[in-house]
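Just below is one structure, and these are the notes that go with it.
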Amino acid sequence: MQIATWNVNSLTVRLPQVLAWLQANPVDALCLQELKLTDDKFPHAELAAAGYQAAAFGQKTYNGVAILSRHPLQDVVRNMPGFEDEQARVLAATVQAPSGPLRLINTYFVNGQAPGTDKFAYKLRWLAALHDYVAAELSAHPHLALLGDFNVAPEDRDSFDPEGLRGTIHHTPEERAHFAALLGLGMRDAFRMFEQPDKSFSWWDYRMLGFQKNRGLRIDHILVSPALQGAVQECHIDRAPRKNPQPSDHTPVVATLALG
DNA sequence: ATGACGGTGTGGCACCGA
């Protein structure tokens, strides 16, 4: 059982790359963020031809999340119940795998722009709501994974310049406290369950040769519930798609679970 | 300090991302 997350920065532009990646990496489920398209434009047919059904939650221009799966998807929920939000950032679904049900919460965390801005305040409200939502989902679904673009570099080692960027967006104590609060629910960062190369990142700025210089951040994550942790066999960042022509600025994170 | 790159929109640049 393999699950993955990828911020594609426009599914319209990146669909050929997603299809090529799925052919080379036939994961059981793939969570996508930043679709930047409405649901009527979602490419269900092309993905079905590749063996994937999809639950999509999009909007025009910004945001948008989808869960692709080789197995049936059930109990699809859009956004966080009780948290009013005009932005399409959260999509939950249960993957009915042969090994049993696996609840996935696909999230596109708020960027937050900079501390002190309205967007940052929105980010903190959103993070607080997510904590409560994950807590509720955990009690209902022991086998739970929280995947997505977290827009938080959890630790200094998750940033190419932790000193220079200290206190700036993705690096603030407030954001990191919210990430830690998710771990406080018993969730674990699958990537950090294993030894990993130094300077492992999942996003690089398009500008100033960010990728070539490995000036990146690790902000895309897969968190797994206590009942899943014993099943996690591997987790890695796949840098290959970042080398494509016309790449997304993010690249996929993949985890392998031994379920059943 | 600013912008650098890339995507979207109804555009001729502005806004947003991270």
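Everything in the first sequence is counted per the numbering used here, starting at 1019 for the first residue and increasing by one. Just so you know, even glycine gets a beta-carbon here, dropped at the ideal spot from N, CA and C.
Segment limits, beta strand (DSSP E) that includes residue i
| i | result |
| --- | --- |
| residue 1083 | 1083-1087 |
| residue 1032 | Careful: residue 1032 lies outside any beta strand (DSSP E), inside the alpha helix (DSSP H) at 1029-1042. |
| residue 1202 | Element bounds for residue 1202: not the beta strand (DSSP E) but the alpha helix (DSSP H), 1191-1202. |
| residue 1165 | 1162-1167 |
| residue 1216 | Neither: residue 1216 is in no beta strand (DSSP E) and is coded neither H nor E. |
| residue 1091 | 1091-1096 |
| residue 1048 | 1047-1051 |
| residue 1023 | 1020-1025 |
Simplified DSSP assignment, three categories, for residue i
| i | result |
| --- | --- |
| residue 1126 | strand |
| residue 1068 | coil |
| residue 1184 | coil |
| residue 1259 | helix |
| residue 1234 | strand |
| residue 1175 | helix |
| residue 1057 | helix |
| residue 1210 | helix |
| residue 1273 | strand |
| residue 1132 | coil |
| residue 1106 | coil |
Element boundaries [alpha helix (DSSP H), containing residue i]
| i | result |
| --- | --- |
| residue 1153 | 1136-1158 |
| residue 1247 | 1244-1247 |
Nearest to residue i (by Cα), restricted to the options the options
| i | options | result |
| --- | --- | --- |
| residue 1058 | 1144, 1093, 1077 | 1077 |
| residue 1075 | 1045, 1043, 1110, 1046 | 1110 |
| residue 1243 | 1237, 1201, 1222, 1251 | 1201 |
| residue 1255 | 1240, 1093, 1095, 1262 | 1240 |
| residue 1139 | 1192, 1178, 1089 | 1192 |
| residue 1155 | 1128, 1177, 1112 | 1112 |
| residue 1025 | 1278, 1276, 1151, 1269 | 1269 |
| residue 1023 | 1044, 1048, 1029, 1036 | 1048 |
| residue 1108 | 1125, 1115, 1033 | 1125 |
| residue 1263 | 1034, 1250, 1094, 1019 | 1034 |
| residue 1080 | 1106, 1272, 1149, 1045 | 1106 |
| residue 1233 | 1250, 1175, 1245, 1199 | 1175 |
| residue 1050 | 1031, 1041, 1027 | 1027 |
| residue 1114 | 1130, 1030, 1091 | 1091 |
Beta-carbon separation (whole angstroms), residue i vs residue j, contact threshold 8 angstroms
| i | j | result |
| --- | --- | --- |
| residue 1067 | residue 1085 | Rounded, the Cβ-Cβ distance is 18 angstroms, inconsistent with contact. |
| residue 1082 | residue 1055 | 6 angstroms |
| residue 1236 | residue 1153 | With a Cβ gap of about 24 angstroms, residue 1236 and residue 1153 do not count as contacting. |
| residue 1221 | residue 1179 | Actually they are not in contact, since the Cβ atoms of residue 1221 and residue 1179 sit about 14 angstroms apart, beyond 8 angstroms. |
| residue 1097 | residue 1127 | The pair is not a contact, with the Cβ atoms about 13 angstroms apart (cut-off 8 angstroms). |
| residue 1039 | residue 1265 | Actually they are not in contact, since the Cβ atoms of residue 1039 and residue 1265 sit about 11 angstroms apart, beyond 8 angstroms. |
| residue 1253 | residue 1209 | 5 angstroms |
| residue 1246 | residue 1203 | With a Cβ gap of about 13 angstroms, residue 1246 and residue 1203 do not count as contacting. |
| residue 1019 | residue 1117 | 6 angstroms |
| residue 1149 | residue 1199 | 5 angstroms |
Between the stretch 1225-1234 and the stretch 1185-1194, do at least 3 Cβ pairs fall closer than 8 angstroms? no
Pair every Cβ in the stretch 1151-1165 with every Cβ in the stretch 1113-1125, then say whether three or more of these pairs are closer than 8 angstroms. yes
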